[in-house]
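Chemist:
Number of protein chains: 2
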Amino acid sequence: MSFENRIYNFAPGPATLPEEVLLEASHDILNWQKIGAGVMEVSHRSKAFMACYEKALSDITELMQIPSNYKVLFLQGGAMGQNAAIPMNLMGLGKVSSQADFLVSGVWSEKSAKEATKYGNARVVANTKNEGFTYVPDVSTWDLSSDSAYIHLCTNETVGGVEIHQLPNVGSVPIVADISSHMLSREMDVSQYGVLFGGIQKNIGPAGLTILVVREDLIGHAMPITPTIWDWKTQVTSDSMINTPPTFAIYFAGKVFEWIKKQGGVKAIEVTNIQKAKLLYDILDQSALYEGKVAKNNRSRMNVTFFLRDESLYEKFLQESQELGLIGLKGHKSVGGIRASIYNAMPLAGVKKLEEFLKDFERRA
Amino acid sequence: MSFENRIYNFAPGPATLPEEVLLEASHDILNWQKIGAGVMEVSHRSKAFMACYEKALSDITELMQIPSNYKVLFLQGGAMGQNAAIPMNLMGLGKVSSQADFLVSGVWSEKSAKEATKYGNARVVANTKNEGFTYVPDVSTWDLSSDSAYIHLCTNETVGGVEIHQLPNVGSVPIVADISSHMLSREMDVSQYGVLFGGIQKNIGPAGLTILVVREDLIGHAMPITPTIWDWKTQVTSDSMINTPPTFAIYFAGKVFEWIKKQGGVKAIEVTNIQKAKLLYDILDQSALYEGKVAKNNRSRMNVTFFLRDESLYEKFLQESQELGLIGLKGHKSVGGIRASIYNAMPLAGVKKLEEFLKDFERRA
Chain G
340 MSFENRIYNF APGPATLPEE VLLEASHDIL NWQKIGAGVM EVSHRSKAFM
390 ACYEKALSDI TELMQIPSNY KVLFLQGGAM GQNAAIPMNL MGLGKVSSQA
440 DFLVSGVWSE KSAKEATKYG NARVVANTKN EGFTYVPDVS TWDLSSDSAY
490 IHLCTNETVG GVEIHQLPNV GSVPIVADIS SHMLSREMDV SQYGVLFGGI
540 QKNIGPAGLT ILVVREDLIG HAMPITPTIW DWKTQVTSDS MINTPPTFAI
590 YFAGKVFEWI KKQGGVKAIE VTNIQKAKLL YDILDQSALY EGKVAKNNRS
640 RMNVTFFLRD ESLYEKFLQE SQELGLIGLK GHKSVGGIRA SIYNAMPLAG
690 VKKLEEFLKD FERRA
Chain A
340 MSFENRIYNF APGPATLPEE VLLEASHDIL NWQKIGAGVM EVSHRSKAFM
390 ACYEKALSDI TELMQIPSNY KVLFLQGGAM GQNAAIPMNL MGLGKVSSQA
440 DFLVSGVWSE KSAKEATKYG NARVVANTKN EGFTYVPDVS TWDLSSDSAY
490 IHLCTNETVG GVEIHQLPNV GSVPIVADIS SHMLSREMDV SQYGVLFGGI
540 QKNIGPAGLT ILVVREDLIG HAMPITPTIW DWKTQVTSDS MINTPPTFAI
590 YFAGKVFEWI KKQGGVKAIE VTNIQKAKLL YDILDQSALY EGKVAKNNRS
640 RMNVTFFLRD ESLYEKFLQE SQELGLIGLK GHKSVGGIRA SIYNAMPLAG
690 VKKLEEFLKD FERRA
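Top line first, the protein sequences correspond to chains G and A.
Those letters in the first sequence? Residues 340 to 704, per my numbering, in order.
Those letters in the second sequence? Residues 340 to 704, per my numbering, in order.
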């Protein structure tokens, strides 16, 4: 088994994964822990899998420094599933019945706000759509309501490449944050959040597992219509196994948690991520060809988005980069342009190769 | 890569998978179709994955002989997720608002009926719980309502080992069938059903993918509270990709569909499955030690359940079978006893080895 002709994959998710973990998985699919069966074939109730689940739980708790008054759930349905599940679990909590606040700073938080209207009043505190989702307005301008059950933020918008680096002070209302595309990429003070959640198919593993971290006092308030698999209280009391969990995705996530620990933990990963992002943003700042539209203080370290000032060059750009083994660079269809997703598992060498290509392409343009 | 000391895994799900497919997956995790990236890393919007998705769709349509007025969806959340999604999509359809019928013939249909009460009136047409979920009563005794939106059946109850071999005549109300644990194990006349659905972690692949086959006229009636990822109409118009689908599970299911075709299709698999089940049931019928409690005409070909008349022998039975490499035989905690799950991927040789052990154990008991 080997990685012949491995390319650098800048896709936004599913995305590149650590080679070391892929190699292990490639073996464990056939025979896991010398059980004589592959990891996908083993019962979720078996001792082997329960130990794997407990280890994954303990490692993510350590990596994110999750306080003891929080619970971690492994769920199905993606962040978009939680767009429905979160209102169903939380919207009844506020002073005013079924009301929550939403910052709309990109495609994903826009979807979250829309989904929540099915379950109550989704108040939009600020919306940057007319400005092309290129920045996060100062919190002093947000139309916050202290009556709301929570405020929803997408702290890294994958499509626009807009990241919230400093969590705004929103008062006493719990913050619910969609961290799908920067989970474990940087340190986060979990105690500042009510809920953190995200699909793992960007920074952690295969698509099909959603991780949710929730403060204990926010558990147990689900509306009667909440599907059992998304009723956080039920799942907390069932080790996230009220039905068969996506065992292979949990196994894989656990291996990635171990890999992050070997890299020195989230703090060390963050240092590398800052370095990787800087290489690309430095080019944008000096370029006559590439134009980054996101406000500097909201530039995402995970999804670097930019445009070519000469629109006729896109096809050539994408073709030449692909020929060099740099793939997945096409921007989201809703915005166009170029997007380089540089998650934890993207090696520095991959970013450097992209950096060189960017410079070379501009020289020749 | 090899299968050293491979055991025979009789677990009910996650369950044993075809060796040939595991070997392919073991390779494709590192480098898929010479792309230079593993199958889990490739974008769900890429040409490679879209072709893989289309092939899987076309193969299951062929294998199940799905008529052209049905749609196939690849969803998340398991069959238990659909226990909520199905009422949300269908319960508004009947003559009486929000009413559906349920046959409660085991643990799973009991859960389905309970979940549906969140969304409307779940009428129980018959319930065999007091008889230990050991048979399906004749349809003439069911308290059917022609006003109901649909009738829900679990056509193979994994825990009890109760299978419906002949679909009962329930009149004009659409049949919704949970086929999780016998999907693709036998021929089914899809045109007799309104909806067929199931998690794939028994007969097809890793946990985390739900397949739903639905007649077109049943699409488009979702209640306003239906989560977007489970709104069948939305998913039909989005190729099941309204959000990132579980790509690896879809890839794997597709490989298993190809494997079934190589075995001669569902018809040929069914012949082997009948043969495998007969080996075990023949022992139960002749044994003084083993007691099968399920009515003969409802014996599951997939989950063979039985009890030891001498209760003191369970520990010895499970220990000795495990030492021989026969694992996963312990019955579900709610019923106890022994359960041998013999899905499509369980080789005849595995069943023969279990048959020999059963005979030998009884001789020595």
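No residue lacks a Cβ here, since even glycine has one placed at the ideal position from N, Cα and C.
1. For my contact list, residue 538(G) and residue 515(G) are in at a C-beta cut-off of 8 Å; report their separation, rounded to the angstrom.
2. Could you check the C-alpha separation between residue 487(A) and residue 349(A) for me, to the nearest Å?
3. Quick check: the Cα distance between residue 608(G) and residue 598(G), rounded to an integer number of angstroms?
4. Using a Cβ-Cβ distance under 7 Å, would residue 572(G) count as near chain A?
5. List the residues of chain G whose Cβ lies closer than 9 Å to the Cβ of residue 586(A), in chain order.
6. Report the CB separation of residue 649(G) from residue 628(G) in whole angstroms; it is logged as a contact under 8 Å.
7. Can you confirm whether residue 563(A), when its beta carbon is compared against all beta carbons of chain G, has any partner nearer than 7 Å?
8. For residue 359(A), collect the residues of the same chain with a Cβ closer than 7 Å to its Cβ; drop the 5 residues on either side in sequence, then sort them by chain order.
9. Classify residue 677(A) as helix, strand or coil using the three-state DSSP reduction.
10. Indicate the three-state DSSP secondary structure (helix, strand or coil) for residue 549(G) in the structure shown.
11. Ignoring anything shorter than 4 residues or poking outside the stretch 615–691 of chain G, list the alpha helix (DSSP H) runs there in chain order.
12. Report yes or no: is there a C-beta of chain A within less than 7 Å of the C-beta of residue 457(G)?
13. Checking contacts by CB at 7 Å: is residue 582(A) closer than that to chain G?
14. In angstroms with no decimal places, state the Cα-to-Cα distance between residue 600(A) and residue 528(G).
15. Rounded C-beta distance between residue 660(G) and residue 668(G)? I'm assuming under 8 Å.
16. Can you tell me where the alpha helix (DSSP H) holding residue 446(A) begins and where it ends?
17. At least one CB of chain G closer than 7 Å to the CB of residue 365(A): is that the case?
18. Taking C-beta pairs closer than 9 Å, name the residues in chain A that residue 623(G) reaches, listed in chain order.
19. What residue range is occupied by the uninterrupted alpha helix (DSSP H) comprising residue 428(G)?
20. What residue range is occupied by the uninterrupted alpha helix (DSSP H) comprising residue 535(A)?
21. With DSSP collapsed to three states, give me the class of residue 709(G).
22. Short of 8 Å in beta carbon distance, which residues of its chain neighbour residue 691(A), apart from the five on each side in sequence? Order them along the chain.
23. Check whether the stretch 549–568 of chain A and the stretch 397–411 of chain A are in contact - that is, three or more C-beta pairs closer than 8 Å.
24. So does the stretch 448–464 of chain G actually touch the stretch 415–424 of chain G, counting three or more Cβ pairs closer than 8 Å?
25. Report the residue from 502(A), 576(A) and 377(A) whose alpha carbon sits nearest the alpha carbon of residue 473(A).
26. By the three-class DSSP mapping on this structure, what secondary structure does residue 466(A) have?
27. Residues in its own chain within less than 6 Å of residue 465(A) by CB, not counting five upstream and five downstream?
28. Using only alpha-carbon positions, find the residue among 433(G), 500(G) and 588(G) that is nearest to residue 646(G).
29. If I'm right that residue 596(G) touches residue 398(G) with Cβ under 8 Å, what's the distance once you round it to whole angstroms?
30. Just curious, the alpha helix (DSSP H) that residue 366(A) is in, first and last residue?
31. Quick one: grab the DSSP three-state call for residue 613(A).
32. Does the distance from the CB of residue 542(A) to the CB of residue 683(A) come in under 7 Å?
33. Can you pull out the residues from the stretch 440–455 of chain G whose beta carbon lies closer than 7 Å to at least one beta carbon of chain A?
34. Is the beta carbon of residue 633(G) less than 7 Å from the beta carbon of residue 679(G)?
35. Counting only beta-carbon separations shorter than 7 Å, does residue 516(A) have a partner in chain G?
36. Beta-carbon separation of residue 575(G) and residue 558(G) under 7 Å?
Modeler: In brief:
1. In fact, because the Cβ distance is near 15 Å, the residues do not count as touching under 8 Å.
2. Near 38 Å, if we compare the C-alpha coordinates of residue 349(A) and residue 487(A).
3. Distance between the alpha carbons of residue 608(G) and residue 598(G): 11 Å.
4. For residue 572(G), the answer is no, since every Cβ of chain A falls outside 7 Å of its Cβ.
5. Neighbours of residue 586(A) on chain G, chain order: 353, 540, 545, 546 and 547.
6. Right, the Cβ-Cβ distance comes to about 7 Å (below 8 Å), so this counts as a contact.
7. Residue-level contact check: residue 563(A) touches chain G, since one or more beta carbons of chain G fall below 7 Å from its beta carbon.
8. Excluding residues within five positions, the ones whose Cβ falls inside 7 Å are 598.
9. Note: residue 677(A) maps to strand in three-state DSSP.
10. DSSP, reduced to helix, strand and coil, places residue 549(G) within a strand of the structure shown.
11. Along the length of the stretch 615–691 of chain G, whole alpha helix (DSSP H) runs at least 4 residues long occupy 653–662, reported in chain order.
12. Closer than 7 Å to some Cβ of chain A, the Cβ of residue 457(G) qualifies, so yes.
13. Using a Cβ-Cβ cut-off of 7 Å, residue 582(A) counts as an interface residue toward chain G, since at least one Cβ of chain G sits closer than that to its own.
14. When rounded, the distance between both Cα atoms is 52 Å.
15. Right, the Cβ-Cβ distance comes to about 6 Å (below 8 Å), so this counts as a contact.
16. Boundaries of the alpha helix (DSSP H) harbouring residue 446(A): 446–455, taken from the DSSP string.
17. Interface residue, yes.
18. Here the premise fails: no neighbours, minimum Cβ distance about 23 Å.
19. Looking at the DSSP string, the run of the alpha helix (DSSP H) that includes residue 428(G) is 417–429.
20. It is not in any alpha helix (DSSP H) - residue 535(A) instead sits in the beta strand (DSSP E) that spans 534–538.
21. Look at the range of chain G in this structure, 340 to 704, and you will see that residue 709(G) is not part of it.
22. Close CB contacts of residue 691(A) within its chain, under the 8 Å cut and outside five residues either way in sequence, are with 618 (chain order).
23. With the rule of 3 Cβ pairs closer than 8 Å, the stretch 549–568 of chain A counts as touching the stretch 397–411 of chain A.
24. Taking one beta carbon from each stretch, the stretch 448–464 of chain G and the stretch 415–424 of chain G have 3 or more pairs nearer than 8 Å; the two touch.
25. Closest option to residue 473(A), Cα to Cα, is 502(A).
26. DSSP, reduced to helix, strand and coil, places residue 466(A) within a strand of the structure shown.
27. The answer, listed in chain order, is 442, 476 and 481.
28. Measuring from the Cα of residue 646(G), the nearest candidate turns out to be 500(G).
29. By a beta-carbon distance limit of 8 Å, residue 596(G) contacts residue 398(G). Their separation comes to about 4 Å.
30. Run containing residue 366(A): 358–367, per the alpha helix (DSSP H) assignment.
31. For residue 613(A), the three-state secondary structure derived from DSSP is helix.
32. Yes, the Cβ-Cβ distance between residue 542(A) and residue 683(A) is below 7 Å.
33. Legend: CB atoms of the stretch 440–455 of chain G lying less than 7 Å from CB atoms of chain A belong to residues 454.
34. No Cβ-Cβ contact shorter than 7 Å links residue 633(G) with residue 679(G).
35. By this cut-off, residue 516(A) is not an interface position.
36. Yes. Within cutoff.
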